[in-house]
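Have a look at the structure below, then the notes.
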Amino acid sequence: MKSADIRDKFLQFFSSKNHLVVPSAPLVVKNDPTLMFTNAGMNRFKDIFLGNEPAESPRVADTQKCLRVSGKHNDLEEVGVDTYHHTLFEMLGNWSFGDYYKKEAIEWAWELLTEVYKIDKDRLYVTVFEGDKSDGIEFDREAYDHWKGLISEDRIIAASKKDNFWEMGDTGPCGPCSEIHVDMRTDAERNSVSGKELVNADHPQVIEIWNLVFMELQRRSDGSLEPLKAKHIDTGMGFERLSMVLQGKTSSYDTDVFSPLIDFIAKETGKKYTRGDSKQDVAFRVLADHVRAVAFAIADGQMPSNTGTGYVIRRILRRAVRYAYSFLDRKEPLLQELAEVLIAQMGGFFEELKSNEKLIRDVIREEEEAFLRTLAKGIQLIDDILQNTKDDRIGGEVVFELYDTFGFPVDLTALILSEHGKTYDETAFQKALEAQKKRSRSAAVQDTGDWVVVGNYRATEFVGYDSLETEMNLARYRKVTQKGKDFYQLVFDRTPFYPEGGGQTGDRGYVEGEGVRIPVIGTFRENNLIVHLSPKSPEALPAAVKGVVDAERRSLTAKNHTATHLLHHALRALLGTHVEQRGSLLEKDYLRFDFSHFAKVTDEEIRKIEQAVNAAVRRDIPLEEFRNIPMAEAREMGAMALFGEKYGDSVRAIRFGESVELCGGTHVRATGEIGFFKIVSEGSVAAGIRRLAGQGARSTAP
Ligand code: SER
Numbered sequence: 044m045k046s047a048d049i050r051d052k053f054l055q056f057f058s059s060k061n062h063l064v065v066p067s068a069p070l071v072v073k074n075d076p077t078l079m080f081t082n083a084g085m086n087r088f089k090d091i092f093l094g095n096e097p098a099e100s101p102r103v104a105d106t107q108k109c110l111r112v113s114g115k116h117n118d119l120e121e122v123g124v125d126t127y128h129h130t131l132f133e134m135l136g137n138w139s140f141g142d143y144y145k146k147e148a149i150e151w152a153w154e155l156l157t158e159v160y161k162i163d164k165d166r167l168y169v170t171v172f173e174g175d176k177s178d179g180i181e182f183d184r185e186a187y188d189h190w191k192g193l194i195s196e197d198r199i200i201a202a203s204k205k206d207n208f209w210e211m212g213d214t215g216p217c218g219p220c221s222e223i224h225v226d227m228r229t230d231a232e233r234n235s236v237s238g239k240e241l242v243n244a245d246h247p248q249v250i251e252i253w254n255l256v257f258m259e260l261q262r263r264s265d266g267s268l269e270p271l272k273a274k275h276i277d278t279g280m281g282f283e284r285l286s287m288v289l290q291g292k293t294s295s296y297d298t299d300v301f302s303p304l305i306d307f308i309a310k311e312t313g314k315k316y317t318r319g320d321s322k323q324d325v326a327f328r329v330l331a332d333h334v335r336a337v338a339f340a341i342a343d344g345q346m347p348s349n350t351g352t353g354y355v356i357r358r359i360l361r362r363a364v365r366y367a368y369s370f371l372d373r374k375e376p377l378l379q380e381l382a383e384v385l386i387a388q389m390g391g392f393f394e395e396l397k398s399n400e401k402l403i404r405d406v407i408r409e410e411e412e413a414f415l416r417t418l419a420k421g422i423q424l425i426d427d428i429l430q431n432t433k434d435d436r437i438g439g440e441v442v443f444e445l446y447d448t449f450g451f452p453v454d455l456t457a458l459i460l461s462e463h464g465k466t467y468d469e470t471a472f473q474k475a476l477e478a479q480k481k482r483s484r485s486a487a488v489q490d491t492g493d494w495v496v497v498g499n500y501r502a503t504e505f506v507g508y509d510s511l512e513t514e515m516n517l518a519r520y521r522k523v524t525q526k527g528k529d530f531y532q533l534v535f536d537r538t539p540f541y542p543e544g545g546g547q548t549g550d551r552g553y554v555e556g557e558g559v560r561i562p563v564i565g566t567f568r569e570n571n572l573i574v575h576l577s578p579k580s581p582e583a584l585p586a587a588v589k590g591v592v593d594a595e596r597r598s599l600t601a602k603n604h605t606a607t608h609l610l611h612h613a614l615r616a617l618l619g620t621h622v623e624q625r626g627s628l629l630e631k632d633y634l635r636f637d638f639s640h641f642a643k644v645t646d647e648e649i650r651k652i653e654q655a656v657n658a659a660v661r662r663d664i665p666l667e668e669f670r671n672i673p674m675a676e677a678r679e680m681g682a683m684a685l686f687g688e689k690y691g692d693s694v695r696a697i698r699f700g701e702s703v704e705l706c707g708g709t710h711v712r713a714t715g716e717i718g719f720f721k722i723v724s725e726g727s728v729a730a731g732i733r734r735l736a737g738q739g740a741r742s743t744a745p
C-alpha cells in the first residue's frame, strides 16, 4: 500500500465512524507561550480538553504535522543516527471530545489495524497503565478488560508511568494511555526471543505505532492532578512508522515517504545509500529528514532566522548542509533541489507546500549559500590557527569562539583538526558552552504559579475596537516570577486592552476599583484568554473594576499600524506582487515591516514608496471596517490570506481605499491622522526578506 493510500484509509475509516476530518494545523504554534512547534496532534485541541473552548464537532480525525526539536519532546540529535527517528512527522489521530471513551477507541484501533490494514494479530502487543502510587492512580482495569475481548491476555502488558501516562508538558491536560506495538522481526527471531520482552526496550523492530490517550486529568504547576470536566480521547499514530510496517520495511527511510528523497541524493552526489551506520548513510537520512522539517516550516510561515523559532529551523537546515558537506562531499547547495522533489511528492496533500514552492526554494538556497560561505570561512580560520600553533591540542575557547561567533559546527572543527593529527581541549569547550547556556537560561527562566480562579468566565470578550474604557470583572489571576521580580497576570471577562498580535504591541493603562488602582504594563493573548500584565497584585481590587487604556499610546500605535497597511500596498504596487508580508512590529514610536523581495530596495524606490504613502495620507481615506465577514467575501474585496495564519470562517477586514487586509489590529479613523510617513532604514533580515523601518507617528513626550 502506498503511503498516500495509508493516510487516506485512516481518514476514511474514521469518517465512516462519524468523525469530522480536518486539515492539519500549522507547525508553528501561535498564541501558546509554552510551545514553539506543534509536537503532538493534541496541541491544537488543548483548550477543548481544558474546557476553555467548545469543540467544533465531538469527533474529529486528522493527520497533524509535528516537529519534535525543542522542549519536552526533542529528538533532533537522534535523527539520522538511527533508522526511525524524525524531526518532522505526521501523526494520524482520532479525537473524542467528551463523546466516546475507552471502549470505542480501543475497538476501532483494533479494527483498523487488523481488518483494514490487515496487520497480522500475532505481531501485535498492547500496553495498559499499571497505575502510580505517587499520583494516586490505579491500574487501568477498564482498558485491560476492553483489550481482553480482542487480544490474548499474554499479549497485554502493564507498563509504568514513564511509558503509559501521557503529558504534553510540565502542566496541562494528561491521562493514562494504552499503546499498540508491532513486532517486525523475522519468524526465526520471533521464535527465539518473544516480542513481549522487547516491548518498550528500544528495539528498532519492535516498535510502538499507536498511542491511545485517555485524557481525563490536568497537571497543575505544583505537580498535583485534578480531573478534567469531561473525559476525552486523543490518539496518535506515527504515519511514517505505520507506512514502514505496512510496506514491510525495517526502516521508515526505506518507505516511499523517504525513498524519492534518498534516491535523489544518491543521484546528485554519486554516493550510495547502504542503510547502515556509516557517516555517509547517516548523512543521507539527515538530509532526507531535515529537508521536510525546513520546507514545511517555511510553508507555514516560519523563516530561518537568528532567534527563537526561526533559529531552530536555521539549525536544522545547517545540520543538513554540514552532513552533506562533510560526509557526502557536497560543497554546493543541494537542499533546495531536494525540496523540489519533496514538493512534487507531497504538495498534492499538503497544498501549502505547492503554493509556497518558490519561496521555499529561494529561502533554502540563500540560507545554504550563506552557510556554505561560513563553512569556507571557518575552514580558513582553522587553517590560520593550525599555521600559527605547534601544539597538538588546540584550546577549547578558540573552538568555542568558532562555534559561537561564526556558527562553525564543533564536530566539523574536530574532524578537520583530526585530519591534521590534532585534537582540542574538550573540557574547556564544554565549560564555555555551559556558561553560555546558563546565561541564556537565566535570561529566559520564568516561574509560573497556578491560576487563582475568581469568576467563571471561559474566554475574554474584546471590546477595544469600540471603547478604551470599560467595566469588567476579574476572572482569574496568577503570579509569575522572572529574573527575581514578581508580576501578576490578570484575566477579565471583557477588556478594552488590545492584546499583542499581528505585530501590534499590546495596550498599557490601568485597572481600578474602590480607590485601588494597579497599572497594566502589557497585554497579550494566551489561547482564547486576554492576559494583562501588572507589577502589582490584584488582591486588593474588588471583583468588578474599570479598565482604562492609555489612549495616547494606543492612538500613536494605530497611526503606525495604518501606515503599515499603506506601505504594504505601495510596495506591491511599486515593486511587484511577489512582495508579501513576512512580519511586522507596530509600536507607538515606529513601525517595522518585513516582506519577501530579493534585492535591496534602492534609494529611488524608497523615495517613490514614501511619496505613494504620503499621497494616501493626504487623501484622508476613511477607515472601512468589516467585522465577522466570511473569508470568501474578504478575498473578493481583495484581501490576501495571510500566509501561515489560520483563519476560521469569519474574518475581520480593514480597507483604506485600495488597501484591503485581513487584520485584527486597531487603526485611525482616516489616513490624514497619520500626518506624515517616513522610512528610516532598509536592510535584510533573512535570505530573501527585506526589512523597512519607518514612522507614521512618534510620541512627542520626552
Ligand atoms: N498525545 C499522544 C502522543 O502525542 C497521542 O496523540 O503520543
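In the working numbering, the protein residues as written are 44 to 745.
The beta-carbon is built from N, C-alpha and C at its ideal position, and this holds for glycine as well.
Q. Residues in its own chain within less than 6 angstroms of Y500 by CB, not counting five upstream and five downstream?
A. Within the sequence shown, numbered from 1, the residue matching residue 500 stands at position 457. Contacts found: A518 and D536.
Q: Kindly indicate which residue of I573, D427, R560 and E311 has the alpha-carbon position closest to the one of L330.
A: Locating residue 330 in the sequence shown gives position 287, counting from the first residue. Here the closest residue by C-alpha is E311.
Q: Using only the heavy atoms of the ligand SER, determine whether one of them is closer than 8 angstroms to the beta carbon of N516.
A: Locating residue 516 in the sequence shown gives position 473, counting from the first residue. The answer is no for N516.
(Q) Quick check: M680 and R698, are their CB atoms within less than 9 angstroms of each other? (A) Working through the sequence shown from its first residue, we reach residue 680 at position 637. Working through the sequence shown from its first residue, we reach residue 698 at position 655. Yes, these two residues count as a Cβ contact at 9 angstroms.
Q. Cβ of A148 within 9 angstroms of Cβ of V171?
A. Sequence index remark: in the sequence shown, residue 148 carries index 105 (1-based). Sequence index remark: in the sequence shown, residue 171 carries index 128 (1-based). Result no, Cβ atoms of A148 and V171 do not sit closer than 9 angstroms.
**Q.** First through last residue of the alpha helix (DSSP H) which encompasses A729
**A.** By 1-based counting over the sequence shown, the position of residue 729 is 686. For A729, there is no enclosing alpha helix (DSSP H); the enclosing beta strand (DSSP E) covers residues K721 to A729.
Q. Expressed to the nearest angstrom, what Euclidean distance is found between the alpha-carbon atoms of R263 and T106?
A. Here residue 263 is taken as the residue at index 220 of the sequence shown, counted from 1. Here residue 106 is taken as the residue at index 63 of the sequence shown, counted from 1. R263 and T106 have their alpha carbons spaced roughly 29 angstroms apart.
Q: Specify whether the segment 555-563 and the segment 520-530 touch according to this definition: at least 3 beta carbon pairs, one from each stretch, less than 8 angstroms apart.
A: no
(Q) Within a Cβ cutoff of 8 angstroms, which residues of the same chain sit near K45, ignoring the five residues on either side of it in sequence? (A) Walking along the sequence shown from the start, residue 45 turns up at place 2. For K45, where only same-chain residues beyond five positions count, the Cβ hits under 8 angstroms are D299.
Q: Measure how close the beta-carbons of G739 and D405 come, nearest whole angstrom, since I'm counting them as under 8 angstroms.
A: The residue labelled residue 739 in the question sits at position 696 within the sequence shown. The residue labelled residue 405 in the question sits at position 362 within the sequence shown. No, G739 and D405 are not in contact; Cβ-Cβ is about 30 angstroms, not under 8 angstroms.
Q. With contact counted as at least three CB pairs below 8 angstroms, one residue from each stretch, are the segment 611-620 and the segment 534-550 in contact?
A. No contact exists between the segment 611-620 and the segment 534-550.
Q) Checking contacts by CB at 9 angstroms: is L476 closer than that to chain D? A) The displayed structure is made up of one protein chain only, and chain D is not part of it.
Q.
Quick check on V169: does DSSP put it in helix, strand or coil?
A. Position 126 of the sequence shown, counted from the start, is the residue given in the question as residue 169. Of the three classes helix, strand and coil, the one that applies to V169 here is strand, per DSSP.
Q) Near A746, which residues of its chain fall below 6 angstroms by C-beta distance, leaving aside the five closest residues on each side in sequence? A) Only positions 44 to 745 of the chain appear in this structure, which leaves residue 746 out of reach.
Q.
Using a 10 Å radius around the Cβ and a threshold of 16 neighbouring Cβ atoms, would you call F472 buried or exposed?
A. Your numbering for residue 472 matches position 429 in the sequence shown. F472 sits buried, since 16 or more C-beta atoms from the chains shown fall within 10 Å of its C-beta.
Q | W190 CB to nearest heavy atom of the ligand SER below 8 angstroms | A | Counting from one through the sequence shown, the residue named residue 190 turns up at place 147. The answer is no for W190.
(Q) Using 8 angstroms as the cut-off, can you tell me whether the segment 280-289 makes contact with the segment 242-252, which would need three or more C-beta pairs spanning the two stretches below that distance? (A) yes
Q. Would you report the Cα separation of E623 and Y633, rounded to the nearest angstrom?
A. Position 580 of the sequence shown holds residue 623. Position 590 of the sequence shown holds residue 633. Approximately 20 angstroms, taken between the alpha carbons.
Q) Exposed or buried, what is Q379 when buried is set at 16 or more other beta-carbons lying within 10 Å of its beta-carbon? A) Counted from its first residue, the sequence shown places residue 379 at position 336. Flag for Q379 reads buried.
Q | V65 CB to nearest heavy atom of the ligand HEM below 8 angstroms | A | In the structure shown, the ligand HEM is absent; the only ligands present are the ligand SER.
Q: Can you say whether T456 is buried or exposed, counting buried as having 16 or more other CB atoms within 10 angstroms of its CB?
A: Working through the sequence shown from its first residue, we reach residue 456 at position 413. T456 is buried by the Cβ-count criterion.
Q | Near the ligand SER: G212 beta-carbon under 8 angstroms from a heavy atom | A | Within the sequence shown, residue 212 is the residue found at index 169, counting from 1. Result no, Cβ not under 8 angstroms from the ligand SER.
Q) Between the Cα of Y553 and the Cα atoms of G544, S742 and D593, which residue gives the shortest distance? A) Walking along the sequence shown from the start, residue 553 turns up at place 510. Ranking G544, S742 and D593 by Cα distance to Y553 puts D593 first.
**Q.** CB-CB length for N137 against R111, believed under 8 angstroms
**A.** Stepping through the sequence shown from its first residue, residue 137 is reached at position 94. Stepping through the sequence shown from its first residue, residue 111 is reached at position 68. With a Cβ gap of about 21 angstroms, N137 and R111 do not count as contacting.
Q.
With a threshold of 8 angstroms, are at least 3 pairs of Cβ atoms found where one atom belongs to the segment 230-247 and the other to the segment 264-279?
A. no
Q) How would you label R87, buried or exposed, when you count the other beta carbons within 10 angstroms and need 16 or more for buried? A) On the sequence shown, position 44 is the one that residue 87 refers to. Residue burial annotation: R87 is buried, with at least 16 other C-beta atoms found within 10 angstroms of its C-beta.
Q. A326 to R662, Cα distance in whole Å?
A. Position 283 of the sequence shown holds residue 326. Position 619 of the sequence shown holds residue 662. The C-alpha of R662 is placed about 59 angstroms away from the C-alpha of A326.
Q) Is any heavy atom in the ligand SER found nearer than 8 angstroms to the beta carbon of N207? A) Locating residue 207 in the sequence shown gives position 164, where the first residue counts as 1. Answer for N207: no, Cβ out of range of the ligand SER.
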